[in-house]
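Here the structure is laid out as structure tokens; the discussion comes afterwards.
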Amino acid sequence: MLRKGQAAMEFLMTYGWAILVVLIAIGALAYFGVLNPSRFLPESCTIMPGISCDEFKVVANSGGATLVLRNGMGSQLTGVSLTLDDDGITALCTLGCGTDCQTLDDGEQDTFSVAAGCSAGGSNPGTKFKGAITLVYTKDLISHTKTGTLTTKSE
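Positions 106 to 260 (the working numbering) are the ones given, in order, by the sequence shown.
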């Protein structure tokens, strides 16, 4: 009977040490940032069907933000304005495009940007940015407000 107890104890000790070594290795990888999930962050910009976000960039250290939108709604959009909010953590940014792109014709692409002073990018380049996009426009004399998300790393 003692031999069975000794065999069971050796079994548990051997596998216990192996599991402990694996846990220490995983802890070391996580500590040094190898398993940091923000490294695998997919970049995306979605607003609504019909409005595509072709290009986007958020600059760190109050550098601002830039979004390139394309109208695929099938008709002209007027009174277009765009705001970007870092999920309530930092300042709300109003992205302007001048007077030439407040009207988006069907298939037209325009750049909306905000210069330095918008703190949407966070403090360091490479940090995760997740924000809410609010698009306001008028189509066929009816005003619409649509929201979307922007997820990227600041540059």
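No residue lacks a Cβ here, since even glycine has one placed at the ideal position from N, Cα and C.
- Annotation: the continuous beta strand (DSSP E) that includes E160 extends over I156 to V164.
- Per DSSP, the continuous beta strand (DSSP E) segment holding N176 begins and ends at G169 to N176.
- Y242 is bridged by DSSP to H249.
- Less than 8 Å separates the beta-carbon of V185 from that of Y242.
- D215 is not a Cβ neighbour of G179, given a cutoff of 8 Å.
- Annotated three-state conformation of T119 is helix, per DSSP.
- In the displayed model, G236 falls within a strand according to three-state DSSP.
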